[in-house]
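What follows is a short report on a single structure.
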Amino acid sequence: MQPHRIVIAGGGTAGWMAANLFAHHWKDACVEISLIEAPNIGIIGVGEGSTPTLKRFFSDLAISEAEWMPKCNATYKTNIRFEGWSPKYAPKGYSHPFFGQLDTFSERAFHVNCRTRRLGLDVETQPDKFLFAGYLANQGLAPVTPDNFPFRIEYGYHFDSGLLGNFLKDRAVTQGVNHIQAEITAVAQHPDGSIKSLECDDGRSIEGDLFVDCSGFKSLLLQSTLKVPFNPFADNLFNNAAVVLPTSAFKDIPVETKSTALSNGWCWQIPLTHRTGNGYVYSNQYLNKDAAETELRAHLGLLDADIEARHLTMNVGQCEQHWAKNCLGLGLSQGFIEPLEATALHLVQIGIEMFIRDYQAGDFTSKHQDKYNSAMSERFERVRDYIVGHYKLNSREDSQYWIDNRENNAISDSLIQLLNTWYQKQDLVKEISRQNIDEHFSASSWHCLLSGYGLFPPKANNQPESLKEQGDLYRDNGLEAFFEGCALNFQSHNNVLKAHTEGAR
Ligand SMILES: Cc1cc2nc3c(=O)[nH]c(=O)nc-3n(C[C@H](O)[C@H](O)[C@H](O)COP(=O)(O)OP(=O)(O)OC[C@H]3O[C@@H](n4cnc5c(N)ncnc54)[C@H](O)[C@@H]3O)c2cc1C
């Protein structure tokens, strides 16, 4: 029997994640996987924060944290801390944590308190008071549970993207993936337009049945060859450039990504074990490259430092089809939503998992292509909406960029309905469930954003007496003592990372 030939074009994180998951899931099927990577082109080399979905990636492949994390200089991530996005209403910023089982005890209290506060009553609404991961971040504790801890805690990771790529490459090759180091210079097509083979600069012609475009922003197969249109999100996501500068590692390594709003965009801070990654994501319609670099240097206290900055441009939007003819797009080639919530690799992983399910269910044909495409488009749009919310709701006055973002009304109906529900003091949990969008960003994520930005009416002058006895569920449910008690089971982040490194020796 002829093996089913899958050819992956590109060896960035997307390509190697796909190679590993395909090799794992189809190890007993008659499938041959090749990955072509141009050694001279290189990977984008950013993308160092994840969501908790990546935990499933490693556990599906039976790779332990002690095995991969030290090799990728990785750290744990419990949340993203937002600073400076809503200075008028929430000058201290807030945290958007990942949710775990412990939060099932407190999420309702969070939602109810946010609703009570929208009625003008003076109750606690800070997200990290209600959600355990935010509590861990404030204490510098790793989200790793002892064996006898009865609740599941969710978390993501920070990692060096180059090292992660190398790790995944070695792993895929040991699983039988054929690694071809060559530049693709031409693409041959069948008469029906589907892809026949990839022609390489060393003269090799690599034929396949399915091609996976992981070639990065150039989208060699999906956009360049198959001419699948790209729908930009520029109407409501203005950022299209980034400048990146590393700084030294923290002595006490935080478990959170920090996202700080700057004059015309925002800056990430991602703590790794050997360095801290920093990058300013901005719109070049409002700020030029040099000014962006100077502002980032000033923000990091590096104005006089001799460290070279790296400048990148970004195509923000998505392809009209993510799977077209016999080609699946994954990673930057299929589309990209700016990195505010570090969702790119999350979408890559979900895309691969959904594809494995649909391709197999369709007997390795494109039978379920339409279903797959509409599910992927929907995911991109709903993730985009959550990110757009951060810009639409900002209360900064320091530049036209922030004013234009706030005044921009090119936002989706779904987002308009969510914001209306909040401002009209209606039940946001119900609205999210009605729209069936909980799996993209949950009701608690939306509450974090809206309460974190301090979007509440002024407190009523006369607070009812009864509120003192009952009404603030944070206090009434004893959440502070509950979390304090739970946190006794957790160790410092540095200690947990050290134990991994010592175990890896
Ligand atoms: C500023 C910024 C910040 C980001 N932050 C995050 C984050 O925090 N979290 C997150 O999840 N994601 C983030 N991302 C996205 C993340 O970087 C990408 O999703 C991820 O790295 C996957 O990239 P890729 O594999 O699609 O493309 P790339 O890394 O660009 O890889 C492309 C591959 O294609 C190969 N190639 C190209 N042309 C050819 C050719 N002609 N022949 C052969 N091979 C070829 C290259 O050699 C390379 O191996 C960020 C992106 C940007 C721009």
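Counting in this note's numbering, the sequence shown runs from 629 upward without gaps. Note that CB positions come from ideal geometry on N, CA and C, so glycine has one too. Owing to the predicted nature of the structure, the values given are computational and were not obtained by experimental measurement.
In three-state terms, what does DSSP make of residue i?
i: Asn1122; result: helix
i: Glu1093; result: coil
i: Pro755; result: helix
i: Glu695; result: helix
i: Val976; result: helix
i: Pro874; result: strand
i: Pro715; result: coil
i: Asn1033; result: helix
i: Ile834; result: strand
i: Ile965; result: coil
i: Asp1100; result: coil
i: Leu848; result: helix
i: Ile1044; result: helix
i: Asn741; result: helix
i: Tyr783; result: coil
i: Tyr908; result: strand
i: Ile1135; result: Since the first residue of the chain shown is 629 and the last is 1133, residue 1135 is not available in this structure.
Assign residue i to one of two classes, buried (16 or more other C-beta atoms within 10 Å of its C-beta) or exposed (fewer than that).
i: Ala718; result: buried
i: Lys705; result: buried
i: Lys1058; result: exposed
i: Asn707; result: buried
i: Cys658; result: exposed
i: Lys953; result: buried
i: Ala1038; result: exposed
i: Leu1116; result: exposed
i: Pro860; result: exposed
i: Lys757; result: buried
i: Ala926; result: exposed
Measuring CA to CA, which of the options is closest to residue i?
i: Ala970; options: Ser678, Ala637, Ile634; result: Ser678
i: Asp841; options: Ser833, Asp829, Ile823; result: Ile823
i: Asp1026; options: Gln803, Ser714, Gly1106; result: Ser714
i: Phe779; options: Arg799, Ala761, Arg1024; result: Ala761
i: Ala877; options: Thr753, Thr904, Glu693; result: Thr904
i: His1068; options: Phe710, Leu1083, Leu1043; result: Leu1043
i: Ala666; options: Leu848, Gln1119, Leu1078; result: Leu848
i: Ala889; options: Ala770, His1128, Asn867; result: Asn867
i: Leu730; options: Leu1107, Ala1127, Trp896; result: Leu1107
i: Cys742; options: His632, Thr753, Glu735; result: Thr753
i: Ala642; options: Thr773, Ile980, Asn1089; result: Ile980
i: Phe992; options: Gly1017, Gly836, Asn1036; result: Gly836
i: Asp932; options: Glu923, Leu940, His939; result: Glu923
i: His739; options: Ala1071, Asn1089, His786, Leu1083; result: Ala1071
i: Ala750; options: His1128, Ala647, Asn1089, Ala1109; result: At residue 750 the sequence reads Asp, which differs from the Ala that was named. Comparing Cα-Cα distances from Asp750 to each of His1128, Ala647, Asn1089, Ala1109, the minimum goes to Asn1089.
i: Gln1028; options: Leu940, Gly907, Tyr914, Gln1052; result: Tyr914
Is residue i near ligand 1 - that is, is its Cβ less than 6 Å away from at least one heavy atom of it?
i: Ile808; result: no
i: Glu711; result: no
i: Cys842; result: yes
i: Val674; result: yes
i: Ile860; result: The question names Ile, but residue 860 is Pro in the sequence shown. No, the Cβ of Pro860 stays beyond 6 Å of every heavy atom of ligand 1.
i: Gly639; result: yes
i: Ala870; result: yes
i: Pro967; result: yes
i: Ile1044; result: no
i: Gly677; result: yes
i: Glu811; result: yes
i: Gly963; result: no
i: Ala889; result: no
i: Gly945; result: no
i: Leu850; result: no
i: Leu900; result: no
i: Leu931; result: no
i: Met1148; result: Residue coverage of the chain in this structure runs from 629 to 1133, which leaves residue 1148 outside it and unanswerable.
i: Ala919; result: no
i: Ile671; result: yes
i: Ile834; result: no
i: Met1004; result: no
i: Glu665; result: yes
i: Glu959; result: One point to set straight first is that residue 959 is Gly, not Glu, in the sequence displayed. Yes, Cβ of Gly959 sits closer than 6 Å to a heavy atom of ligand 1.
i: Ala970; result: yes
Below 8 Å on the Cβ atoms is my guess for residue i versus residue j; work out the distance and round it to an integer in Å.
i: Asn794; j: Ile661; result: Actually they do not touch by this definition, with Cβ atoms about 18 Å apart.
i: Arg1007; j: Leu975; result: 6 Å
i: Phe727; j: Leu759; result: 7 Å
i: Gly675; j: Ser843; result: Not confirmed; about 15 Å, so no contact.
i: Glu884; j: Ala702; result: Not a contact, Cβ separation roughly 14 Å.
i: Pro967; j: Val909; result: 6 Å
i: Lys1087; j: Gly748; result: 6 Å
i: Trp951; j: Leu796; result: Incorrect: roughly 22 Å between the Cβ atoms, too far for contact.
i: Ala920; j: Val871; result: 5 Å
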